[in-house]
Amino acid sequence: MKPAKFEYVAPTTVDAAVEALRAANGEGKVLAGGQSLMPLLNFRMTRPAVLVDLNGIKELSFIELRGDHVAIGALTRHREIEQSRLIASKLPVMAAAMRHVAHLAIRNRGTIGGSLSHSDPAAELPMLSLFYGAKLSVQGPSGRRTIAAEDFFVDALTNCLEPEDIVVEIEFPILQHDGWAFEEVARRFGDFALASIAVSLRRAASTVEDARVAVMGVADTPLRLKEVEDQLRGIAIDDQMPDRFSELVLSCVSANGDLHASAEYRQHLLGQLAKRSMQTALAAKGW
Ligand SMILES: Cc1cc2nc3c(=O)[nH]c(=O)nc-3n(C[C@H](O)[C@H](O)[C@H](O)COP(=O)(O)OP(=O)(O)OC[C@H]3O[C@@H](n4cnc5c(N)ncnc54)[C@H](O)[C@@H]3O)c2cc1C
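Residue numbers (our numbering): -13 to 273.
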């Protein structure tokens, strides 16, 4: 099938893009990499009257160190993030996760703003935005505002953006941690995750001083597991830790089942991935 008829607008500034969306009166849609939107248009699952193409807005494409944060422009391609040395050194969990995002051709076009705005519960970047405690800068008709990632995702494929809003950039705080891991299982490499976990730790002597944990593919949105993080803080590091961590994670998550995998299978996967991720995180510094 081909898309229903729409008007095509290609602004070169964010202000002009927001104005085009405002003028479309709720009937406008933003086009970024098109990797999720084009299939929806072709299947006529979405029928915008106006398509606002962001690809000519150069100011939306960058990766920048800003003190204790890394800022990424919304139009930055997955592949640029995957290959960035800055990301590899400051946001290593993100660097590790990017090769799991779809296939190379899709990573060449897909953007971080598109991924967050599409809000797939089994996508890596939405989960990483929660994991790092990212802040999204969003521009609408009444100006710019900041939305914390933890307030952004509402349900599967649903977030708190208004129809005239454009995600402009995302700020990721740099974690001062020294052990981390990203684990994922998908049916085929590059498919959306059946289950995935990200973990990062900082130790003090033989205990965990700080921890970060997030999962995805198991619920209607990605989840940051703050309860698990709290329980890890102060815990003694020993050989039993991967098993205890796996139990902790499973006690806080009740996986959803769907067409691709049953709830039981996803729960089992998550337990195994949690164990493996903790083994990797602890091995990182020879703990
Ligand atoms: C076969 C296949 C496999 C895939 N596998 C994975 C995977 O394993 N992991 C994964 O994470 N992703 C996967 N994807 C999705 C891919 O990462 C997409 O690139 C991403 O979801 C959307 O990014 P995009 O830039 O292409 O956005 P688009 O398709 O252009 O837009 C997606 C949605 O976001 C909106 N939007 C886009 N940019 C903005 C913005 N700046 N502000 C507000 N709204 C905006 C659009 O209006 C649209 O509703 C896969 C896609 C395909 C086709």
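Ideal placement from N, C-alpha and C gives every residue a C-beta, glycine not left out.
Check                                                                                                             : Outcome
Nonlocal neighbours in the same chain, by C-beta distance under 6 Å from E213, ignoring five residues either side : C238
Beta-carbon spacing of L37, L17 below 8 Å                                                                         : yes
Contact test: K15 Cβ vs ligand 1 heavy atom, cutoff 7 Å                                                           : yes
C-beta atoms of V56 and L72 nearer than 8 Å                                                                       : yes
Close Cβ partners of E170 (< 7 Å) along its chain, the five nearest in sequence each way excluded                 : H86, A179 and S182
E295 versus P107: straight-line alpha-carbon distance, rounded                                                    : The first residue shown for the chain is -13 and the last is 273, placing residue 295 beyond what the model contains.
Cβ separation of L234 and Q217, assumed to be a contact under 8 Å, to the nearest whole Å                         : 6 Å
Ligand 1 heavy atom lying under 7 Å from the CB of Q21                                                            : yes
Helix, strand or coil at N339 according to DSSP, with G and I counted as helix                                    : A query on residue 339 cannot be resolved here, the shown segment of the chain reaching from -13 to 273 and no further.
Residue(s) in a DSSP beta bridge with H64                                                                         : Answer is none; H64 lacks a bridge partner.
P159 in three-state terms, based on DSSP                                                                          : strand
Burial state of T144, where buried means 16 or more other Cβ atoms lie within 10 Å                                : exposed
Delimiting residues of the beta strand (DSSP E) encompassing M(-13)                                               : It is not in any beta strand (DSSP E) - M(-13) carries neither H nor E in the DSSP assignment.
Top-ranked residue by Cα proximity to A3, from A60, E150, L256 and G203                                           : E150
Through-space distance from E50 to A(-10), alpha-carbon basis                                                     : 38 Å
Nearest-angstrom Cα separation, counted from P(-3) out to N11                                                     : 17 Å
Cβ-based neighbour list, T266, same chain, cut-off 7 Å, excluding 5 preceding and 5 following                     : A167
The alpha helix (DSSP H) enclosing D141, as first and last residue numbers                                        : Taken as a continuous stretch (DSSP letters only), D141 belongs to no alpha helix (DSSP H), being part of the beta strand (DSSP E) at F139 to D141.
heavy atom of ligand 1 below 7 Å from I156 C-beta                                                                 : no
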